[in-house]
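Protein chains in written order, with the UniProt record's numbering: chain X, 1 to 216; chain R, 1 to 216.
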C-alpha cells in the first residue's frame, strides 16, 4: 500500500514516513512544500512530491496519483497567522479531501485536534477557538464524503519518545501523547480496516496500539 | 411575516430594518450585540433582541423565537483580525443556520460575497482569500440543509443612494451595488418564493428589483 503523507515535513509527518518505510507492506510518498526538504525522505528511501496546500485541488490530486491512501498530518503551526488557520487547516484539508476523490483514492486518514465538537469550539479560549473551528469544519467535510475515512483526535502532543501504549476510544480523558505514538497509531489504522468510518480520541495509556485500535 | 435580522446594526442591516418596517406585511426583530444599539431600531418601531454570534447556538436560537424568517447580514468587518473571519463570518453564520433549525424557522436568507466558489478562493489575494473561504464554507453549510434558503451574492458594496435598478442572475458581470439596494433585494426576495433554493449575484443594472428577482 502506497500512502501520500500530506504534511510530511512536520514533526508527526517525519515519524510517520520513517515508520511506513520500516514496514514491509507499506511505502510512503512524502508531499513536501520545497525541494530542499526532500533529502530527509530520500534517505529513508521514500518517494517525494513537491506540492503546496495553498495550490489548487488539481495540484494536490496530481500529487496523489498512484497512491492507495492519503494521510493528512499538515498543520499551519502555532506561529502563523489566523489567515493560515483558514487557508491550511480548513481549506487545505478540504482540498486534499476533494483531491482524493479526483485521484480515486478511497482511504483517507485525517489527523484532527483532540476535541473538534461544536461544544469544544464554544469552550475554547479566543486564541485557540479559530483553530478548533477550522478543524471542526474540515472533519465535518470529510465525514460527509463517501471516502473510507478515519479521523484521529490525539491528545496534547509532546516530543517525548513513543511508548507504544495508548488509550483510544470515542471519548477518553484528556492527556498527552508523543507525536511518535501518533505516527504509530496512524500506521496501525492503515493496517486495520475496522477503523474505516470511525473517529477516535487517543492519548498515552496502558494498551498496545494494535489492541487499542482494534476495539474502536 | 416577522424577520430576525442578524447583524442589524451593520450598514446593510440598518437599511434593511428600515425597509422592513416601512412594509405593511413585514416586521423586523433586530438582533444587536449591545443594548446601547437599540434606540435606532426602537425609533423605527422594530423589536430588538441582544445576542452575539460568538455565543452558543442556543442563544441565537432563543433570539430567533417567534420569527418566520432569518436574514444573515452580519460580517466581521474589514478592520478585525482573521480570527473573527472564522468565528463570525464562518462559525457565526453556521450557528445561525443551526439556530434556525432549532427554532423551527424554515426561511433563511444569507448575504454572501460576490463570488464564493472554490475558484474564487484560489484566485483571491492572500489577504482576501480567508474571507472568501469563510463565506464559501458558510454557504456550503446552508445549501446542505433543508431550509428554504436564498443566497445573495452582491457586487462591490458602496454607500451610494440606492437606484432600485439591478441586474441579477447566477452569474453577472462584476460591478458595484449600493448597500441600500442590497437591502431592497433582500426584501424583494422575502416577498418572492421563487427565490427559495436559489443563489444569485446582484449588481446595479437596468431592471426593477422586483422583475430582476422574479426571473432568477
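Using N, Cα and C, we set each Cβ at its ideal position, and we do this for glycine too.
Which residue comes first and which comes last in the alpha helix (DSSP H) that contains residue i?
i: residue 19 of chain R; result: 11-22
i: residue 44 of chain X; result: Neither: residue 44 of chain X is in no alpha helix (DSSP H) and is coded neither H nor E.
i: residue 209 of chain R; result: 209-214
i: residue 119 of chain R; result: 118-123
i: residue 60 of chain R; result: 57-63
Mind pulling the chain R residues with CB within less than 7 Å of residue i?
i: residue 170 of chain X; result: Those do not exist, as residue 170 of chain X stays about 22 Å from chain R at its closest Cβ, beyond 7 Å.
For residue i, which residues in chain X fall below 7 Å Cβ to Cβ?
i: residue 228 of chain R; result: Since the first residue shown for chain R is 1 and the last is 216, residue 228 of chain R is missing from the structure and cannot be characterised.
i: residue 91 of chain R; result: 121, 133
i: residue 149 of chain R; result: Near residue 149 of chain R there are no residues of chain X at all, since even the closest Cβ is about 17 Å away, more than 7 Å.
Show which residues of chain X have a CB atom less than 8 Å away from the CB atom of residue i.
i: residue 82 of chain R; result: 81, 82, 83, 85, 86, 130
What is the rounded straight-line gap between the Cα of residue i and the Cα of residue j?
i: residue 188 of chain R; j: residue 143 of chain R; result: 20 Å
i: residue 203 of chain R; j: residue 209 of chain R; result: 10 Å
i: residue 114 of chain X; j: residue 178 of chain X; result: 13 Å
i: residue 56 of chain R; j: residue 92 of chain R; result: 9 Å
i: residue 13 of chain R; j: residue 40 of chain R; result: 11 Å
i: residue 67 of chain X; j: residue 117 of chain X; result: 31 Å
i: residue 174 of chain R; j: residue 200 of chain R; result: 12 Å
i: residue 32 of chain R; j: residue 122 of chain X; result: 20 Å
i: residue 196 of chain X; j: residue 69 of chain X; result: 12 Å
i: residue 139 of chain X; j: residue 198 of chain R; result: 27 Å
i: residue 212 of chain X; j: residue 131 of chain X; result: 28 Å
i: residue 229 of chain R; j: residue 176 of chain R; result: Outside the modelled stretch of chain R, which goes from 1 to 216, sits residue 229 of chain R, for which no answer is possible.
i: residue 23 of chain X; j: residue 170 of chain R; result: 52 Å
i: residue 190 of chain R; j: residue 120 of chain X; result: 35 Å
i: residue 19 of chain X; j: residue 183 of chain X; result: 7 Å
i: residue 206 of chain R; j: residue 164 of chain R; result: 9 Å
i: residue 125 of chain X; j: residue 52 of chain R; result: 16 Å
i: residue 21 of chain X; j: residue 192 of chain X; result: 18 Å
i: residue 129 of chain X; j: residue 87 of chain R; result: 8 Å
i: residue 1 of chain R; j: residue 105 of chain R; result: 12 Å
i: residue 10 of chain X; j: residue 25 of chain R; result: 58 Å
i: residue 172 of chain X; j: residue 111 of chain X; result: 16 Å
i: residue 214 of chain X; j: residue 162 of chain X; result: 19 Å
i: residue 17 of chain R; j: residue 17 of chain X; result: 57 Å
i: residue 76 of chain X; j: residue 194 of chain R; result: 43 Å
i: residue 35 of chain R; j: residue 62 of chain R; result: 16 Å
i: residue 216 of chain R; j: residue 136 of chain R; result: 21 Å
i: residue 79 of chain X; j: residue 127 of chain X; result: 12 Å
i: residue 54 of chain X; j: residue 107 of chain R; result: 35 Å
i: residue 141 of chain R; j: residue 141 of chain X; result: 9 Å
In terms of residues, what are the limits of the beta strand (DSSP E) holding residue i?
i: residue 181 of chain X; result: Where residue 181 of chain X is concerned, there is no enclosing beta strand (DSSP E), although the alpha helix (DSSP H) it sits in stretches over 179-190.
i: residue 167 of chain R; result: 165-169
i: residue 91 of chain X; result: No beta strand (DSSP E) contains residue 91 of chain X, which is instead part of the alpha helix (DSSP H) from 91-103.
i: residue 195 of chain X; result: No beta strand (DSSP E) contains residue 195 of chain X, which DSSP labels as neither H nor E.
i: residue 29 of chain X; result: 27-32
i: residue 136 of chain R; result: Run containing residue 136 of chain R: none in the beta strand (DSSP E); it sits in the alpha helix (DSSP H), 129-143.
i: residue 69 of chain X; result: 69-72
i: residue 148 of chain X; result: 148-154
i: residue 3 of chain X; result: 2-6
i: residue 174 of chain X; result: It is not in any beta strand (DSSP E) - residue 174 of chain X carries neither H nor E in the DSSP assignment.
i: residue 111 of chain X; result: 107-111
Report, in whole angstroms, the separation of the C-beta atoms of residue i and residue j, which I expect to be a contact under 8 Å.
i: residue 89 of chain R; j: residue 134 of chain R; result: 4 Å
i: residue 74 of chain X; j: residue 7 of chain X; result: 3 Å
i: residue 15 of chain R; j: residue 180 of chain R; result: 5 Å
i: residue 186 of chain R; j: residue 109 of chain R; result: 6 Å
i: residue 3 of chain R; j: residue 49 of chain R; result: Contact flag wrong, Cβ pair sits at about 12 Å.
i: residue 38 of chain X; j: residue 5 of chain X; result: Not a contact, Cβ separation roughly 13 Å.
Check whether chain A comes within 7 Å of residue i, counting only Cβ atoms and requiring the distance to be less than that.
i: residue 55 of chain X; result: Looking for chain A here will not work: the only protein chains present are X and R.
Evaluate contact between the region 87-102 of chain X and the region 140-157 of chain X, counting only Cβ atoms and requiring at least three cross-stretch pairs below 8 Å.
-> Cβ pair count under 8 Å is three or more, so yes.
Validate contact between the region 83-93 of chain X and the region 150-158 of chain R using beta carbons, cut 8 Å, 3 pairs | With fewer than three CB-CB distances shorter than 8 Å, the region 83-93 of chain X does not count as touching the region 150-158 of chain R.
Inter-stretch contact at 8 Å, needing at least 3 Cβ pairs: the region 28-47 of chain R / the region 153-168 of chain R | With contact defined as three or more Cβ pairs closer than 8 Å, the region 28-47 of chain R and the region 153-168 of chain R are not in contact.
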